[in-house]
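Here is the structure we will look at.
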Amino acid sequence: MKQYWLMKSEPDEFSIDALCKVGREPWSGVRNYQARNFMMTDMKVGDGILFYHSNCTVPGVTGLAEVASPAYPDPTQFLPRSDYFDAASKPDQPRWWLVDVGFKRKFKRTVSLDEMRAQADALGDFALLRRGNRLSVLPVTAAQYKHILTLE
DNA sequence: GCCAACGTTGGC
DNA sequence: GCCAACGTTGGC
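Residues in the first sequence are numbered from 1311 upward in steps of one, following this note's numbering.
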């Protein structure tokens, strides 16, 4: 059963255009257990992803991607020079896991957070719209995914 | 740059 | 196990 997800990225760090260019990217750097668990245990190759730009002028969904690999340990946790280094994580029992994300397409226009808020009735309970939500990887229902596509 | 919300850490 | 302190996220 195909599932759907929303994954946030700061466009200054890694935008939908950057993903388009490289085609596929290991989603490294997630250091939140809830977000990790989604990648580690729930995501399956081929799952759909809404690519979301955060911390920018117009936050919102800017394109589509897909889960392109099974989960594997995030290599950056073992790199002492990395911002994402985690001294407490041991290679025989990695703490942080990720999946590769593959580019599908860029939206013609951004479906903004404002627009999605305005569609709260149609979208129903949506983790992205919950107050104070800071999760960078979150589940989306098939109905929500479909509805957001109609807003493009 | 501000700040509310929230997760994590560590002392007790 | 509680909770204050602290760090981070992310909208504005």
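Heads up, the beta-carbon is just placed ideally off N, CA and C, and yes, glycines get one too.
These numbers come from a predicted model, not from an experiment.
Beta-carbon separation (whole angstroms), residue i vs residue j, contact threshold 8 Å
i       : j       : result
Leu1423 : Pro1383 : Wrong, their Cβ atoms sit about 32 Å apart, outside the cutoff.
Leu1445 : Ala1437 : 6 Å
Met1349 : Leu1433 : With 8 Å as the limit, Met1349 and Leu1433 do not qualify as a contact, their Cβ atoms being about 23 Å apart.
Distance between residue j and residue i (C-alpha atoms, nearest Å)
i       : j       : result
Asn1443 : Pro1449 : 13 Å
Asn1342 : Gly1356 : 23 Å
Asp1410 : Asp1327 : 16 Å
Asp1435 : Pro1401 : 38 Å
Tyr1455 : Tyr1314 : 7 Å
Ile1458 : Ala1428 : 12 Å
Gly1483 : Asp1431 : Absent from the structure is residue 1483, since the part of the chain shown begins at 1311 and ends at 1462.
Trp1406 : Ala1397 : 12 Å
Lys1414 : Gly1373 : 8 Å
Leu1439 : Gln1387 : 30 Å
Thr1460 : Met1426 : 11 Å
Glu1462 : Leu1316 : 15 Å
Lys1318 : Tyr1394 : 17 Å
Asn1347 : Ala1378 : 17 Å
Lys1331 : Thr1451 : 28 Å
Ser1325 : Leu1389 : 24 Å
Val1447 : Phe1417 : 19 Å
Arg1284 : Phe1361 : Shown here, the chain extends from 1311 to 1462; a query on residue 1284 therefore has no answer.
Gly1412 : Val1421 : 20 Å
Buried or exposed by the 16-neighbour rule on C-beta atoms within 10 Å, applied to residue i
i       : result
Met1353 : buried
Glu1320 : exposed
Gly1333 : exposed
Ala1375 : buried
Paired residues, beta bridge with residue i - DSSP
i       : result
Leu1316 : Leu1360 and Leu1448
**Item:** beta strand (DSSP E) runs wholly inside the segment 1324-1389, at least 3 long, in chain order
**Value:** 1334-1336, 1358-1363 and 1370-1377
**Message:** What ranges does the alpha helix (DSSP H) occupy inside the segment 1396-1450, keeping only unbroken runs of at least 4 residues that lie completely in it?
**Reply:** Here the runs fully enclosed are 1423-1428 and 1430-1433.
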